[in-house]
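Structure first, then comments.
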Amino acid sequence: MKAQELAQALLGSGRRASATQTTDPGSSNQTQNWEALNRRALAKSITLLESTLPSDRAEADALISMLLPHTGQSLRLGISGVPGVGKSTFIEVLGLYLINKGHKLAVLAVDPSSTVSGGSILGDKTRMERLSVNPSAFIRPSPSRGTLGGVAEKTREAILLCEAAGYDIVIVETVGVGQSETTVSLMTDLFVLMQLPNAGDDLQAIKKGVMELADLVLINKADLDPNAATRAQAQITSAMRLYGFHGNPSKSTQLDQGHDQDALHGHGHEHEQSHKAQSSTPLPKVLQLSALQEKGIENFWQTVSAYKVSREKSGLWSERRRSQALAGMWERVDSELKRSFKEYPPVRSMLPNVLAGVGNGSLAPTVAARQLLFAYKGGHA
Ligand code: GDP
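Numbering (the numbering used here), first residue to last: -9 to 371.
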């Protein structure tokens, strides 16, 4: 199945599924069939964009271009944390909660371990047993080939496909390894870092850079030691206040004022009045959670929804999307230019000597770079 057919299957089945749902609640079998078709088309589309064949790449580009007008409407949530912190337990419980509210949820993984070993810490379907069999959920493991940059690019595109297929919440999950957290924070609307209750006792252990990336920190397993969880919440809250304005300028806490509303469908409308009074209170940055006992899920979602409403009002939401889209474009251009630079015959023939010279210290790296660029530009400075 190629671009045109895939686009039809994704858009058509998504729409028909919801139309059937609303007009004829009796035909749930038919709805499930459409849902299954929709998920299959989505899985095939993502496989197409992960393919390294040039002809597939052309089809994938055509597919994305056709679907682009139908993208962008989801809430893109990044979730990170070390293995064992409770990511899959949380995503499953949150996912079922959201599906129950009428949402459709896609879970994508960015797992650097899978690109190195071919094996994967994340994305194994058996990790989220209840969610993976739910017709309103789509779970996709991390691509197991390519560099982190390549995986990031595919994941960015996969988000768009999920949106076109009608998924209104897209979770991108990653582990606290290397650059993967930065990568995921640069493709999501809100980046959530999960921590254990003892995290507050050893703030040094939390990488400062990651803290700066986080819009929200969740202290999971609060049931194990409620006192420790409360302590961690206070300590991380003050640490985040300290870091608040250093990193990404889009993280300005000043603009994160509280408004409570369901992020996508306005389900929280009935609460609006009672929360108007709190609208000048800054939104919380650190929340407690027990994914296992399913406590704190509603509070988390209300906070996420409040962030969305407040950032939409301030323009921060669309600004972040815009800068992420442009960054994605330049990232692709950079990597492609570097590849074609290295393959350009005059450069390629110079490379062994230049690399050896820089390696043994006889050639300055900056001079080497200028020599290579000079050759690339055909002898023009
Ligand atoms: P992941 O590697 O981050 O995806 O972590 P998992 O979701 O697989 O969880 C690791 C272990 O922690 C599992 O045994 C879970 O049952 C357990 N766990 C997850 N959340 C909680 C929680 O809130 N409280 C407690 N006590 N255990 C939890």
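Don't be surprised by glycine CBs; every beta carbon is placed ideally from N, CA and C. The structure presented is a predicted model; accordingly, all values stated were derived computationally and were not measured.
Helix, strand or coil at residue i [DSSP, three-state]
i       : result
Met177  : coil
Ser41   : coil
Ser269  : Residue placement at Ser269 cannot be trusted, given a pLDDT of 44 that sits under 50; the coordinates are not used to answer.
Leu(-4) : helix
Thr12   : Note that Thr12 scores a pLDDT of 47, beneath 50, so its modelled location is shaky and nothing firm can be said.
Ala127  : strand
Val294  : helix
Leu203  : helix
Gln361  : helix
Leu214  : coil
Val276  : strand
His261  : With a pLDDT of only 39 at His261, under 50, the local geometry of the prediction cannot be trusted, and no value is derived from it.
Leu186  : coil
Gly4    : In this prediction, Gly4 scores a pLDDT of 48, lower than 50, which makes its location untrustworthy; the coordinate-derived value is nonetheless stated afterwards. Note: Gly4 maps to helix in three-state DSSP.
Tyr334  : coil
Ser308  : helix
Ala224  : helix
Tyr366  : helix
Ala354  : coil
Lys303  : helix
Ser132  : coil
Gly85   : helix
Lys34   : helix
Gly92   : coil
Phe80   : helix
Minimum Cβ-Cβ distance from residue i to chain C less than 7 Å
i      : result
Ala222 : Of the chains in the structure shown, none is chain C; there is only one protein chain.
Whole-angstrom C-beta distance between residue j and residue i, which should lie under 8 Å
i      : j       : result
Glu49  : Leu38   : 6 Å
Phe331 : Val337  : 6 Å
Met184 : Val294  : Incorrect: roughly 14 Å between the Cβ atoms, too far for contact.
Glu171 : Ser300  : Glu171 to Ser300, Cβ: 24 Å. No contact.
Tyr157 : Phe128  : 6 Å
Leu53  : Ala(-3) : 6 Å
Leu0   : Leu57   : 7 Å
Ala229 : Met201  : 6 Å
Val402 : Ala358  : This structure cannot settle anything about residue 402, because the visible part of the chain is limited to -9 through 371.
CA nearest to the CA of residue i, picked from the options
i      : options                        : result
Glu288 : Arg338, Leu1, Leu(-4), Ile89   : Ile89
Thr42  : Gly140, Asp101, Asp213, Leu327 : Gly140
Ala315 : Ala219, Ala222, Thr61          : Thr61
Leu214 : Gln223, Met201, Ile226, Leu186 : Leu186
Cys152 : Lys298, Leu208, Lys94          : Lys94
Val207 : Ile81, Glu82, Phe290           : Phe290
Lys98  : Leu341, Arg360, Ile161         : It is worth fixing the name first, because residue 98 is Leu in this sequence and not Lys. Minimum Cα distance to Leu98 is reached at Ile161.
Asn210 : Val200, Pro73, Ile159, Gly199  : Pro73
Glu321 : Leu341, Thr220, Lys144         : Lys144
Leu341 : Leu363, Phe80, Val100          : Leu363
Thr227 : Asn217, Ala212, Ala218, Pro274 : Pro274
Ser55  : Val100, Asn23, Ala148          : Ala148
Leu176 : Ala219, Gln283, Arg66          : Arg66
Thr178 : Leu1, Lys328, Ser313           : Ser313
Trp24  : Gly286, Ser126, Ala218         : Ser126
Ser132 : Asn124, Val174, Asp205, Glu119 : Val174
Thr137 : Asn124, Leu1, Gly168           : Gly168
Tyr297 : Ala154, Thr79, Ser339, Ala204  : Ala204
Arg311 : Leu121, Pro102, Ser64          : Ser64
Ser339 : Gln361, Val100, Val123         : Gln361
Gly166 : Lys77, Gln225, Glu326          : Lys77
Ala154 : Ala96, Arg117, Arg130          : Ala96
Bounding residues of the beta strand (DSSP E) (the contiguous stretch that carries residue i)
i      : result
Arg66  : 65 to 71
Val162 : 159 to 165
Val97  : 95 to 100
Gln283 : No beta strand (DSSP E) holds Gln283; DSSP gives it neither H nor E.
Residue span of the alpha helix (DSSP H) that contains residue i, given as start and end
i      : result
Arg146 : 138 to 154
Val207 : Per DSSP, Val207 belongs to no alpha helix (DSSP H); it is in the beta strand (DSSP E), 206 to 209.
Thr61  : No alpha helix (DSSP H) holds Thr61; DSSP gives it neither H nor E.
Gln169 : Taken as a continuous stretch (DSSP letters only), Gln169 belongs to no alpha helix (DSSP H), as it is neither H nor E.
Arg117 : No alpha helix (DSSP H) holds Arg117; DSSP gives it neither H nor E.
Gly74  : Unbroken run through Gly74: none, as it is neither H nor E.
| task | Count the C-beta pairs between the region 22 to 30 and the region 278 to 288 that are closer than 8 Å, then say yes if the count reaches three, no if not. | result | With a cut-off of 8 Å, the region 278 to 288 and the region 22 to 30 do not count as touching, because too few Cβ pairs lie within range.
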